[in-house]
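Structure first, commentary second.
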Amino acid sequence: MVRSMMSFTELPLSFWGYALETAAKLLNIAPSKSVSRTPYEIWYGKPASYKYLRVWGSPAYVKSLVGDKLDSRSSLCRFIGYLKETTGYYFYDPAEQKICLEERSILGKGFSSDSRCDEVLIEESSGERHHESTTSFEPTIHTDGVPVLRRPTRKSRVPERYGFVGLTSQLDNDPKTYGEAMSDIDSDKWLEAMKSEMDSMGSNQVWTLVDPPKGARPVGCKWVYKRKLGADGEVTAFKARLVAKGYTQ
């Protein structure tokens, strides 16, 4: 699904994290013949709304909050995802190479179809109007008690897609061998995980120690290590599994 989404647009592959998050969101709200309710409905107790869904990678014109009066009032961006804490969207501005976000409350008109994608026009909300400065040869007079209007500013944020880089690096750092586990910074955690695995196998009588038949070649085994991560990306558990090397038979 992510591969299809990426091939539909001209966005760089570095946006695979946003595509993955969007795909997961769609799968959680998509109905299925095999189950009566979607994961979203099971978790929240109500059906999901599909009115806010948009085509991933579609073009969008986002209103500019800063700039000269004669500058373009909007920028051509690309829709790349949905906000997590509130209903809204992430957009990528290729010209500025920045990620911007807009809440649903300031979404104006919906997407209008074109040959490949949808297009959205982001309009100003009634509470966030631009106050452009004008050139005048008359002095500016401020009346007491009347607040000076200020242009709203947009706070810059580090794109969340960079979080996937750290997550991937952490996943790739799991020990591959017993030696790596013992030299790892979490070696005590791996020892505890291996002891738990051996205790579990002993209590479940996974094997019985016997002498091998004459001429038989016993199948080898190896340890597989894995860090379990929570929803926030933090390590929640250390797992060690003793598995047989079936390819040595």
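Heads up: the sequence shown runs through residues 3 to 251, numbered per my numbering. Quick reminder that beta carbons are idealized off the backbone N, C-alpha and C, glycines included. A quick note: this is a predicted structure, and the numbers were derived from the prediction, not measured.
For residue i, tell me which candidate among the options has the shortest Cα-Cα distance.
i    : options                : result
K230 : K224, F240, V212, C223 : F240
D201 : P214, C102, L244, D186 : L244
T88  : I101, S189, Y54        : Y54
K197 : F17, Y227, K100        : Y227
G47  : I31, V4, S36           : I31
Y84  : L22, K216, W225        : L22
K191 : G204, V212, A242, P220 : A242
E182 : V212, M203, K224, M3   : K224
Y94  : S36, S51, F17          : F17
V208 : T179, G232, R219, A246 : A246
P61  : N206, R80, Y249        : R80
S77  : A97, R56, S9, Y52      : A97
G248 : G232, S38, A233, P220  : P220
Would you call residue i buried or exposed, if buried means 16 or more other Cβ atoms sit within 10 Å of its Cβ?
i    : result
T11  : buried
W58  : buried
V64  : buried
T238 : exposed
P263 : Residue 263 lies beyond the range of the chain shown here (3 to 251); nothing can be said about it.
I44  : exposed
I101 : buried
P177 : buried
S114 : The pLDDT assigned to S114 is 38, lower than 50, so where the model puts this residue is not dependable, and the model offers no usable value.
Y52  : exposed
S9   : exposed
T142 : Low confidence applies here, because T142 scores a pLDDT of 49, under 50, leaving its location unreliable; read the following figure in that light. With fewer than 16 Cβ atoms within 10 Å of its Cβ, T142 is classed as exposed.
G222 : exposed
What does residue i pair with, by DSSP beta-bridge criteria?
i    : result
L28  : None; L28 has no bridge partner.
V237 : L231
W225 : L244
K100 : D95
Let's see if you can read the secondary structure: which residues bound the alpha helix (DSSP H) around residue i?
i    : result
I82  : Note, I82: premise wrong, no alpha helix (DSSP H); beta strand (DSSP E) at 76 to 84.
A183 : 180 to 185
D190 : 189 to 205
E43  : 41 to 46
S6   : 4 to 10
Can you name the start and end residues of the beta strand (DSSP E) that residue i belongs to?
i   : result
Y63 : 61 to 65
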